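Remarks on the structure that follows.
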Amino acid sequence: MTESVSFYLVGWATTLLIAIGKSAFGGGLAILGIPLLAMVTTPQNAAIMVALLVSLMDIMALQRFGRESWSKPDLTWILPGLVTGIGVGYIVFVEVDPRLVTLIIGIVTLLFTTHWFLKGRIAPPGARPVSPGLGLAAGVASGFTTFVAHAGGPPVAMYLLARGLPKTILVGTTIAIFTLGNWLKLPPYIGLGLQHREALWGALALAPAVPLGIWLGRIVHDRLDQKTLFFWCYVLLALAALKLTVDAALALLR
Numbered sequence: 005m006t007e008s009v010s011f012y013l014v015g016w017a018t019t020l021l022i023a024i025g026k027s028a029f030g031g032g033l034a035i036l037g038i039p040l041l042a043m044v045t046t047p048q049n050a051a052i053m054v055a056l057l058v059s060l061m062d063i064m065a066l067q068r069f070g071r072e073s074w075s076k077p078d079l080t081w082i083l084p085g086l087v088t089g090i091g092v093g094y095i096v097f098v099e100v101d102p103r104l105v106t107l108i109i110g111i112v113t114l115l116f117t118t119h120w121f122l123k124g125r126i127a128p129p130g131a132r133p134v135s136p137g138l139g140l141a142a143g144v145a146s147g148f149t150t151f152v153a154h155a156g157g158p159p160v161a162m163y164l165l166a167r168g169l170p171k172t173i174l175v176g177t178t179i180a181i182f183t184l185g186n187w188l189k190l191p192p193y194i195g196l197g198l199q200h201r202e203a204l205w206g207a208l209a210l211a212p213a214v215p216l217g218i219w220l221g222r223i224v225h226d227r228l229d230q231k232t233l234f235f236w237c238y239v240l241l242a243l244a245a246l247k248l249t250v251d252a253a254l255a256l257l258r
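Just so we're aligned: 141 in our numbering is position 137 of the sequence shown, and the numbers increase by one with no gaps anywhere.
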């Protein structure tokens, strides 16, 4: 009974946290899902549950951030890149050390966020025009790293934050991108879930926290001004980058 209570307490808190982050900032907190849930279940079950729950969050977040909140010129280049990157990751997966990929992404993102914090300002509106080359590269890098290292957020976040998009366009575009990425990765996790039924039941038990978190996140998004929301986007990006860097460095040293 104690284990069950612990699972629900940690699981609901974790699910709420990830859902709020997705609806308020476009994401950034899912990286905490597996470590937190692994405290009350196995790491494999935690990974399956996070994949299923995040895919559900994407559907609900898209209902609150519809087509009018998407930067379609950016999606035109990022989405094909994302699919290409996932395909390349699938092809070369056995030949690539995900720890090294994660370390590189973490270090680059840390440098990017450090530069921003030292300058202490957000990108002005329209700071950088749509760049087909950079958008495609960000999509490829994101797709590749999300497949081989589950770390696809930073490449796209760096590109979109530097664009100086309005806050709702930034979040809506980010959600649209990772809805595609997460759903492309979903079939293997469903297959794993069928082999680990306890993970499917666990995800089902935590699913009711998703709509509450998405609703709360949208309230947070609407109440934060552009500068404050961007500040927290950079904070989340820096924390994710720090975790990626530390985890990858420790894994390489073992």
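All residues carry an ideal CB built from backbone N, CA and C; glycine is no exception.
Predicted model only: the values in this text are computed from it and were never measured.
Q. Short check: CB of Thr-150 to CB of Ile-90, under 8 Å?
A. yes
Q | Unbroken alpha helix (DSSP H) run spanning Val-98, endpoints | A | Run containing Val-98: none; DSSP gives neither H nor E here.
Q: Would you mind working out which of Asp-251, Val-250, Trp-219 sits nearest Phe-69, comparing C-alpha positions?
A: Trp-219
Q: Kindly confirm or deny that the segment 111–126 and the segment 171–190 touch, where touching means at least three C-beta pairs closer than 8 Å.
A: no
Q | Spatially closest choice to Phe-116 from Leu-174, Ile-223, Gly-30, Leu-246, by CA coordinates | A | Leu-246
Q.
Beta-carbon within less than 6 Å of Gly-217's beta-carbon, same chain only, minus the 5 sequence neighbours each way: which residues are those?
A. Leu-20, Ala-23, Ile-24
**Q.** Own chain residues within Cβ distance below 6 Å of Ala-207, not counting five before or after
**A.** Met-53, Leu-56, Leu-57
Q | Pairwise C-alpha distance: Asn-49 and Thr-6 | A | Residue confidence for Thr-6 is low, a pLDDT of 39 falling below 50, so the modelled location carries little weight; the figure read from the coordinates is stated next. If you take the alpha carbons of Thr-6 and Asn-49, they lie about 19 Å apart.
Q.
What would DSSP say about His-154, mapped onto helix, strand or coil?
A. coil
Q) Would you report the Cα separation of Ile-223 and Ser-8, rounded to the nearest angstrom? A) 31 Å
Q: Sort Thr-113, Trp-236, Arg-201 by Cα distance to Pro-3 and report the nearest one.
A: Lying outside 5 to 258, the shown extent of the chain, residue 3 is not represented and no answer is given.
Q. What are the boundary residues of the alpha helix (DSSP H) that includes Phe-234?
A. 230–257
Q.
Using C-beta distances below 7 Å, list every residue in its chain close to Ser-241, excluding the 5 sequence neighbours before and after it, in chain order.
A. Inspection of the sequence shows that residue 241 is occupied by Leu rather than by Ser. Within the same chain, Leu-241 has close Cβ partners Gly-32, Thr-113, Thr-117, Pro-158, Ala-161.
**Q.** Collapsed DSSP secondary structure at Ala-141 in the structure displayed
**A.** helix
Q) To which residues of the same chain is Met-43 closer than 7 Å at the C-beta, ignoring the five residues directly before and after it? A) Val-14
Q. From Tyr-166 to Arg-132, what distance separates their C-alpha atoms?
A. What sits at residue 166 in the sequence shown is Ala, not Tyr. One C-alpha to the other measures close to 7 Å.
Q) Would you say the segment 79–99 touches the segment 197–207, given that touching needs at least three Cβ pairs under 8 Å? A) no
**Q.** Nearest-angstrom Cβ-Cβ length linking Met-64 and Val-214, presumed shorter than 8 Å
**A.** 6 Å
Q) Excluding the five sequence neighbours on either side, which residues of its own chain have a C-beta within less than 7 Å of the C-beta of Ala-253, listed in chain order? A) Leu-107
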